[in-house]
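Chains as they are written, first to last, in UniProt numbering: chain A, 1 to 511; chain B, 1 to 113.
Heads up, the beta-carbon is just placed ideally off N, CA and C, and yes, glycines get one too.
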Amino acid sequence: MHGLAFFLFLIIVALTLIITYYASKRTKTTSEFYTADSSLTGWQNGLAIAGDYMSAASFLGIAGMIALTGFDGFFYSIGFLVAYLVVLYIVAEPLRNLGKYTMADMIAARFDNKKVRGVAALNTIAISIFYMIAQLVGAGGLIKLLLGLDYVYSVLIVGILMTVYVVFGGMTATSWVQIVKAVLLMVGTFIISIIVFAKFDFSIAKMFHEVKTATPLGEAFLNPGNKFKDPLDTISLNLALVLGTAGLPHILIRFFTVKDAPTARKSVVYATWIIGIFYVLTIFLGFGAAAFVGYDKIVAANPAGNMAAPLLAEALGGDFLFAFISAVAFATILAVVAGLVLSAASAFAHDFYSHILRRGQATEKEQMLAARWASVGVSVLSILLALFAQKMNVAFLVSLAFAVAASANLPTIVFTIFWRRFNTTGAITGMLVGLISALVLVFFSPNVWSPQPGAAIFVGEPLFKLANPGIISIPLGFIGAIVGTLVSSKKADEKKYTEIVVKANTGIGRV
Amino acid sequence: MAVKKESWADQGGINYEAIAQSASFCELIQAKKRFIIPATIFFFVFYFALPVLTSYSKALNAPAIGPVSWAWLFAFAQFIMTWALCILYSKRAAQFDAIVEQVKREAQEGGNA
Chain A
1 MHGLAFFLFL IIVALTLIIT YYASKRTKTT SEFYTADSSL TGWQNGLAIA
51 GDYMSAASFL GIAGMIALTG FDGFFYSIGF LVAYLVVLYI VAEPLRNLGK
101 YTMADMIAAR FDNKKVRGVA ALNTIAISIF YMIAQLVGAG GLIKLLLGLD
151 YVYSVLIVGI LMTVYVVFGG MTATSWVQIV KAVLLMVGTF IISIIVFAKF
201 DFSIAKMFHE VKTATPLGEA FLNPGNKFKD PLDTISLNLA LVLGTAGLPH
251 ILIRFFTVKD APTARKSVVY ATWIIGIFYV LTIFLGFGAA AFVGYDKIVA
301 ANPAGNMAAP LLAEALGGDF LFAFISAVAF ATILAVVAGL VLSAASAFAH
351 DFYSHILRRG QATEKEQMLA ARWASVGVSV LSILLALFAQ KMNVAFLVSL
401 AFAVAASANL PTIVFTIFWR RFNTTGAITG MLVGLISALV LVFFSPNVWS
451 PQPGAAIFVG EPLFKLANPG IISIPLGFIG AIVGTLVSSK KADEKKYTEI
501 VVKANTGIGR V
Chain B
1 MAVKKESWAD QGGINYEAIA QSASFCELIQ AKKRFIIPAT IFFFVFYFAL
51 PVLTSYSKAL NAPAIGPVSW AWLFAFAQFI MTWALCILYS KRAAQFDAIV
101 EQVKREAQEG GNA
């Protein structure tokens, strides 16, 4: 048990609970609960997007992957960042102009159809829960390592805290927890990077020279191909990374927290700068860990390399820096899971309960109650799943979430805004084909099947050879939407499409 | 920006058809397409060039500056590309916003020519 780390954990818990207390006083209506009353500035929302996005997979996962496999780990940094161009150019502004609380609102703005809304909500819930299990499993492992707490207690602590933020503080508390976390994470990463760079005399050439001798890979550390050997798998992963972000529900709902499309755009630009700087710094984290912690020690602490960043902090700055970085990692997980609970809960309460079950007839009070109960339900479900998923590979769940987001959500979002002929059948088939194909391909992939006992969930030869389904499931999502539209006898509502194009591009008539 | 919701309600429905056919709205869509389509094609090609080159050839493993190989330089270039396209889009979007304001003004005045 690290006393100092424990103390800093408590400070973060206290700080976030204070935020939640003040936010709860301002959370009386559904608009405040789901979107903080759209009152965030571009800069605040930019930080919150960054806070939502730089998950444990980014901070702990990428640092570890670069430390262990060199260049290949950096592929994730690049893909996660370039994805923001898709968000900025194609998705953010129309989404803000067409939607109110959830991603399904946007598609329902064009197709006022219960089935469309239901399937869109189903996708949101599926993606959020996969992502959340990954974060909770990561959190359990991390807290176990840092504080010596049992896995079950660790998951319960994080689970209860995230439920409290969302149920009482809604989007206001969630946003501010993300903003605080983003600042802490940037400060921590920056401090470590500066120390690492100083140790190499502020010379990139020296850093590249010395890191080669420090790792078992030697010269190969600096070259691509250590982790990703199959070209198709590499491209498949890159496809899911670059297209997945624009379909991630917890990122998409962040555009409803600002007042209009120009502010949504500004927040993406701010987020892109912050996230970009962070991902550049992952090189220093990874190289630093490889050189100053060493391969054997990183693998001994966690075979996937997840402890590389905290161990590097310990090697460079002793107990205090270790405690600080561990607390930052804890805050990171809290912020991301709170965002995920909110995205899944709003899909349940707003889309399923208010729109489908109650046909828009529920009173404000009933909707608020539903939103809070949905948050509790989502939290309990994901905590239970996380307890069962203890042994599962975290990276696999995150890549599954990205692949489903890119295959199931993105084609329908794009066609809703850009394709005149697109109709309800196309929207439903596109979303279902994307979701099901991604899930089925992953089920038959090497993530789930391995001839080696213990390497995956089942023992056996995988029927589908690629670890990432994106290269098949993303085109299938698009094809499903196109085929569904063309074979359906339904005519597209041209007038409705004209209305959507005007709304999406100008914000005229937005509710 | 400060278009009140009430002002739209006052008009008793919005004629989207008319707005969509107005010259300023067509100008907005054209201006957006002229920027977004080529820029999107460019960044997809630039982005996928890296994994394709590293998967199918060893060309990028050659040293570029000291011990830093072309693969790393190309990787850094992806960051520069992303930021540059962000800045470019922000600049263009200021023009889009100006046209949007004009579209809104015209729509409120009821004149769509």
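For residue i, which three-state DSSP category applies?
{"i": "residue 40 (chain A)", "result": "strand"}
{"i": "residue 449 (chain A)", "result": "strand"}
{"i": "residue 458 (chain A)", "result": "strand"}
{"i": "residue 105 (chain A)", "result": "helix"}
{"i": "residue 15 (chain B)", "result": "coil"}
{"i": "residue 508 (chain A)", "result": "coil"}
{"i": "residue 200 (chain A)", "result": "coil"}
{"i": "residue 288 (chain A)", "result": "helix"}
{"i": "residue 358 (chain A)", "result": "coil"}
{"i": "residue 390 (chain A)", "result": "coil"}
{"i": "residue 228 (chain A)", "result": "coil"}
{"i": "residue 466 (chain A)", "result": "coil"}
{"i": "residue 493 (chain A)", "result": "coil"}
{"i": "residue 421 (chain A)", "result": "coil"}
{"i": "residue 247 (chain A)", "result": "helix"}
{"i": "residue 233 (chain A)", "result": "helix"}
{"i": "residue 276 (chain A)", "result": "helix"}
{"i": "residue 57 (chain B)", "result": "coil"}
{"i": "residue 263 (chain A)", "result": "helix"}
{"i": "residue 111 (chain A)", "result": "coil"}
{"i": "residue 363 (chain A)", "result": "coil"}
{"i": "residue 77 (chain B)", "result": "helix"}
Give a yes or no on whether 8 Å exceeds the smallest Cβ distance from residue i to chain B.
{"i": "residue 204 (chain A)", "result": "yes"}
{"i": "residue 411 (chain A)", "result": "no"}
{"i": "residue 310 (chain A)", "result": "no"}
{"i": "residue 508 (chain A)", "result": "yes"}
{"i": "residue 244 (chain A)", "result": "no"}
{"i": "residue 76 (chain A)", "result": "no"}
{"i": "residue 458 (chain A)", "result": "no"}
{"i": "residue 235 (chain A)", "result": "yes"}
{"i": "residue 22 (chain A)", "result": "no"}
{"i": "residue 82 (chain A)", "result": "yes"}
{"i": "residue 468 (chain A)", "result": "no"}
{"i": "residue 353 (chain A)", "result": "no"}
{"i": "residue 280 (chain A)", "result": "yes"}
{"i": "residue 89 (chain A)", "result": "yes"}
Please tell me whether residue i has its Cβ less than 8 Å away from any Cβ of chain A.
{"i": "residue 45 (chain B)", "result": "no"}
{"i": "residue 30 (chain B)", "result": "no"}
{"i": "residue 95 (chain B)", "result": "no"}
{"i": "residue 39 (chain B)", "result": "yes"}
{"i": "residue 62 (chain B)", "result": "no"}
{"i": "residue 33 (chain B)", "result": "no"}
{"i": "residue 23 (chain B)", "result": "no"}
{"i": "residue 71 (chain B)", "result": "yes"}
{"i": "residue 55 (chain B)", "result": "yes"}
{"i": "residue 106 (chain B)", "result": "no"}
I'd like to confirm the pairing. Which residues does DSSP put opposite residue i in its beta bridges?
{"i": "residue 65 (chain B)", "result": "B:68"}
{"i": "residue 177 (chain A)", "result": "Bridge partners of residue 177 (chain A): none, in fact."}
{"i": "residue 258 (chain A)", "result": "A:40"}
Residue range of the alpha helix (DSSP H) that residue i falls in?
{"i": "residue 416 (chain A)", "result": "410-418"}
{"i": "residue 123 (chain A)", "result": "114-147"}
{"i": "residue 215 (chain A)", "result": "Neither: residue 215 (chain A) is in no alpha helix (DSSP H) and is coded neither H nor E."}
{"i": "residue 295 (chain A)", "result": "295-301"}
{"i": "residue 6 (chain A)", "result": "3-25"}
{"i": "residue 64 (chain A)", "result": "63-69"}
{"i": "residue 165 (chain A)", "result": "No alpha helix (DSSP H) contains residue 165 (chain A), which DSSP labels as neither H nor E."}
{"i": "residue 94 (chain A)", "result": "92-98"}
{"i": "residue 441 (chain A)", "result": "424-443"}
{"i": "residue 87 (chain A)", "result": "No alpha helix (DSSP H) contains residue 87 (chain A), which DSSP labels as neither H nor E."}
{"i": "residue 31 (chain A)", "result": "30-35"}
{"i": "residue 59 (chain A)", "result": "Per DSSP, residue 59 (chain A) belongs to no alpha helix (DSSP H) and is neither H nor E."}
{"i": "residue 320 (chain A)", "result": "308-346"}
**Message:** What are the residues in the stretch 256-275 of chain A lying within 9 Å of chain B by C-beta distance?
**Reply:** 259, 260, 261, 262, 265, 266, 268, 269, 272, 273
**Request:** Give, in chain order, every residue of the stretch 73-95 of chain B whose Cβ lies closer than 7 Å to some Cβ of chain A.
**Result:** 75, 78, 79, 82, 83, 85, 86, 89, 90, 93
**Message:** Residues of the stretch 203-222 of chain A in Cβ contact with chain B at a cutoff of 7 Å, in chain order, please.
**Reply:** 204, 205, 208, 209, 222
**Prompt:** Got a sec: which bits of the stretch 142-165 of chain A sit with their beta carbon under 7 Å from any beta carbon on chain B, in order along the chain?
**Reply:** none
**Prompt:** Which residues, taken in chain order from the stretch 484-501 of chain A, show a beta carbon closer than 8 Å to some beta carbon of chain B?
**Reply:** 495, 498, 499, 501
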